[in-house]
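Peer 1: Numbering-wise (the numbering used here), the sequence shown opens with residue 4 and increments by one.
Backbone N, C-alpha and C fix where the C-beta goes; we use that ideal spot for every residue, glycine too.
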Amino acid sequence: MKGNIIIKNANELITCSGFKAKQGKEMSDLKIINDGAVVIEDGIIKAVGKTEEILRQYNEKDYEVIDAIGKAVLPGFVDSHTHFVFGGYRAEEFSWRLRGDSYMEIMKRGGGIVSTVKATKEASEEELFKSGLKRLDSMLSFGVTTVEGKSGYGLDYKTEIKQLEVMAKLDNVHPIDIAKTFLGPHAVPKDYKGREDEFIDFMIDEVLPVVAERKLAEFCDIFCEKNVFSVEQSRRYLKKAKEYGFKLKIHADEIVQLGGAELAAELGSVSADHLLQASDEGIRQMAEKGVVATLLPGTAFSLKEPYARARYMIDQNLAIALATDMNPGSCHTESIPLIFALATLYMNMTTEEAITALTINGAAAIDRADSIGSIDVGKKGDIIILEFPSYKYIPYHIGVSTVEKVIKNGVLVFNKEDRGTVLCYKI
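1. Report buried or exposed for Pro178, applying the criterion of at least 16 other Cβ atoms within 10 angstroms of its Cβ.
2. Which residue or residues does DSSP assign as beta-bridge partners of Lys153?
3. Express the C-alpha separation of Ala122 and Gln166 in angstroms, rounding to a whole number.
4. Identify whether Lys250 lies in helix, strand or coil by the three-state DSSP scheme.
5. Using a Cβ-Cβ cut-off of 8 Å (strictly less than) and excluding sequence neighbours within five positions of Cys19, which residues of its own chain qualify?
6. Tell me which residues share the same chain as His84 and place their Cβ nearer than 7 Å to its Cβ, disregarding the 5 neighbours each side in the sequence.
7. So is Gly152 in contact with chain B if we call contact Cβ pairs under 8 Å?
8. Just to confirm my understanding: we take Lys429, look at its own chain, exclude 5 residues before and 5 after, and list those with CB closer than 8 Å. What are they?
9. In whole angstroms, what is the alpha-carbon distance linking Ala126 and Gly157?
10. Applying the 10 Å Cβ sphere with the 16-neighbour rule, what's the burial state of Gln26?
11. Between which two residues does the beta strand (DSSP E) harbouring Phe417 extend?
12. When you compare only the Cα positions, how much space is there between Ile8 and Val81?
13. To the nearest angstrom, how far is the alpha carbon of Phe97 from that of Glu15?
14. Using 8 Å as the threshold, is the C-beta distance between Phe132 and Val169 below it?
15. Which of the three DSSP states is assigned to Gly91 in this structure?
16. Val406 and Val416: beta carbons closer than 8 Å?
17. Ignore the nearest five residues each way along the sequence and tell me which others in Thr302's own chain have a CB closer than 6 Å to its CB.
18. Residues bridged to Lys411 by DSSP?
19. Can you give me the start and stop residues for the alpha helix (DSSP H) that Phe80 sits inside?
20. Inspect the beta-carbon positions of Thr119 and Arg93 and report whether they are closer than 8 Å.
21. Between the stretch 257–268 and the stretch 213–221, do three or more beta carbon pairs fall short of 8 Å?
22. From the DSSP output, in three-state form, read off Glu209 for me.
23. Could you give the C-beta distance for Ile48 and Gly381, rounded to a whole number, given that I count them as a contact under 8 Å?
24. Starting from the Cα of Ile342, find the closest Cα among Ser274, Gly146, Asn320 and Asp318 and give me that residue.
25. How many angstroms separate the CA atom of Ser305 from the CA atom of Ser105?
26. Between the stretch 234–251 and the stretch 194–207, are three or more C-beta pairs nearer than 8 Å?
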């Protein structure tokens with residue numbers, strides 16, 4: 004569904020204006036219009052400006068009108084790294100971490116990704132659809148209008164395809180748009196321990212061609228990490244994925260400084276994600292090649308690991324995106340307010356930088372900065388309205404959503420005043 008709507012009298016209209024990732028100091032410029040208004044026609048932003056100027060040009064009687072007096076208005080948030088389609092949960096594993104067990108120790112015990120693989124294989128498509136739908140509803144309530152979703156909980160042909168097919172079905176019915184990523188090499192299956200090259204061969208020969216032919220994903224990703232997949236194995240897989248026409252992402256330098264950031268720059272990846280241990284040289288190369296650094300503070304928080312060096316990265320002119328990494332193990336949350344709090348309180352990012360990271364830079368991290376991520380003429384009418392007069396309330400109201408209304412393609416799809424239910428699904 005696409006709608007016609009005017010939002011007027013916004014105390015702050017935070018446009019985040021731009022059509023590509025903002026690097027370094029550019030991330031601080033939110034391009035705010037006081038007493039702003041937005042016109043959306045057929046789901047596309049038609050005009051942006053001062054309320055008085057907009058209302059001289061457009062007749063309110065021709066539109067649904069939302070009076071945002073005393074409110075802040077922003078682009079919809081883009082959560083550019085999640086694993087939201089999965090089976091089962093790992094609450095017991097969380098308790099193991101609380102007593103001091105490391106992430107790698109839990110993986111060796113049969114926990115971690117492999118545990119979720121088993122549960123996802125056993126889950127029916129209908130079960131994955133229903134749980135995925137509930138998670139998307141929750142994301143929408145936090146102001147997310149576009150999300151990236153990864154496969155990777157199959158590590159085989161059948162389940163990887165199943166995850167991607169479920170995401171496609173969810174994309175067809177839910178207001179949130181889904182950017183789909185094939186993450187077949189997310190972990191090493193037990194049957195392939197010590198034969199990682201053969202597993203990469205399997206993914207390249209048996210699964211990649213089908214995902215490409217059926218257009219089930221836009222991106223390909225790999226977990227480049229010690230005891231998972233090496234830089235050379237990651238290079239081989241990603242280069243083949245690029246030949247099939249996929250855009251590239253990479254789980255890089257999360258636990259060990261392995262050179263994943265440098266590989267992302269070498270291959271021209273759209274983004275490199277995690278980066279807790281990224282080297283100075285890797286950061287420099289990423290900035291030079293325009294690779295977006297997608298940082299996931301919720302994961303560092305959940306694992307009690309040091310945070311990625313966001314302040315240093317921004318000062319080195321890198322473009323930073325922030326995302327939840329919503330998954331059943333290392334970061335079981337879809338809370339955008341939590342990500343804001345962690346980024347500003349513990350990663351030394353300013354509120355302005357965090358907003359840029361979750362809007363236009365989040366859009367750039369999924370290669371959609373030309374159509375979403377800012378309030379610009381010609382882009383999708385994906386907009387959120389806060390309960391408060393300023394964007395500064397987002398991190399200030401710690402861990403609590405300040406989102407009152409969510410508009411997707413010019414249609415009001417969420418209103419906190421309506422008991423926080425999704426008001427409209429796609430038809």
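Peer 2: On the basis of the supplied data:
1. In the sequence shown, the residue the question calls residue 178 occupies position 175. Flag for Pro178 reads buried.
2. For the purposes of this step, residue 153 is taken as residue 150 along the sequence shown, with counting starting at 1. Looking at the DSSP assignment, Lys153 forms a beta bridge with Thr184.
3. Within the sequence shown, the letter at position 163 stands for residue 166. Within the sequence shown, the letter at position 119 stands for residue 122. About 12 Å.
4. Stepping through the sequence shown from its first residue, residue 250 is reached at position 247. In the structure shown, Lys250 sits in a strand (DSSP, three-state: E or B).
5. Against the sequence shown, residue 19 aligns to sequence position 16. Only Leu33, Lys34, Leu77, Pro78, Ile358, Thr359, Thr362, Ile363, Gly376, Ser377 and Ile378 meet the Cβ criterion.
6. Within the sequence shown, numbered from 1, the residue matching residue 84 stands at position 81. Once the five neighbours on either side are set aside, the close Cβ partners of His84 are Glu151, Asp276, Thr297, Leu299, Ala326 and Asp328.
7. The structure shown contains no chain B, having only a single protein chain.
8. Numbered from 1 along the sequence shown, position 426 holds the residue referred to as residue 429. Met4, Asn175, Val176, His177 and Pro178.
9. For the purposes of this step, residue 126 is identified with residue 123 of the sequence shown, where counting begins at 1. For the purposes of this step, residue 157 is identified with residue 154 of the sequence shown, where counting begins at 1. Their backbone Cα atoms lie some 11 Å apart in a straight line.
10. To locate residue 26, count along the sequence shown from 1; it is residue 23. With 16 or more other Cβ atoms inside 10 Å of its own Cβ, Gln26 counts as buried.
11. One-based indexing of the sequence shown puts residue 417 at position 414. Taken as a continuous stretch (DSSP letters only), the beta strand (DSSP E) holding Phe417 covers Val414 to Asn418.
12. Residue 8 sits at position 5 when you count from the first residue of the sequence shown. Residue 81 sits at position 78 when you count from the first residue of the sequence shown. Rounded to the nearest whole angstrom, the CA to CA distance from Ile8 to Val81 is 21 Å.
13. For the purposes of this step, residue 97 is taken as the residue at position 94 of the sequence shown. For the purposes of this step, residue 15 is taken as the residue at position 12 of the sequence shown. Rounded to the nearest angstrom, the two C-alpha atoms are 40 Å apart.
14. One-based indexing of the sequence shown puts residue 132 at position 129. One-based indexing of the sequence shown puts residue 169 at position 166. Cβ atoms of Phe132 and Val169: closer than 8 Å.
15. Mapped onto the sequence shown, residue 91 falls at position 88. Gly91 falls in the coil class under three-state DSSP.
16. Working through the sequence shown from its first residue, we reach residue 406 at position 403. Working through the sequence shown from its first residue, we reach residue 416 at position 413. Going by C-beta atoms, Val406 is not nearer than 8 Å to Val416.
17. Working through the sequence shown from its first residue, we reach residue 302 at position 299. Closer than 6 Å at the Cβ level, and outside the excluded window around Thr302, lie Asp328, Ser333 and Cys334.
18. As a working mapping, residue 411 is identified with position 408 in the sequence shown. Its beta-bridge partners are Val414.
19. On the sequence shown, residue 80 is found 77 positions in, with the first residue counted as 1. Careful: Phe80 lies outside any alpha helix (DSSP H), inside the beta strand (DSSP E) at Phe80 to Asp82.
20. Taking the first residue of the sequence shown as 1, we reach residue 119 at position 116. Taking the first residue of the sequence shown as 1, we reach residue 93 at position 90. Note that the C-beta distance between Thr119 and Arg93 is below 8 Å.
21. Judged by Cβ distances under 8 Å, the stretch 257–268 makes no contact with the stretch 213–221, as fewer than three pairs qualify.
22. If you number the sequence shown from 1, residue 209 lands on position 206. Three-state result, Glu209: helix.
23. Counting from 1 along the sequence shown, the entry for residue 48 is found at position 45. Counting from 1 along the sequence shown, the entry for residue 381 is found at position 378. Under the criterion of beta carbons closer than 8 Å, Ile48 and Gly381 qualify as touching, at roughly 7 Å.
24. Walking along the sequence shown from the start, residue 342 turns up at place 339. Looking at the Cα atoms, Gly146 is the closest of the given residues.
25. For this step, residue 305 is matched to residue 302 along the sequence shown. For this step, residue 105 is matched to residue 102 along the sequence shown. Within the model, the alpha-carbon separation for Ser305 versus Ser105 is close to 11 Å.
26. Segments in contact, yes.
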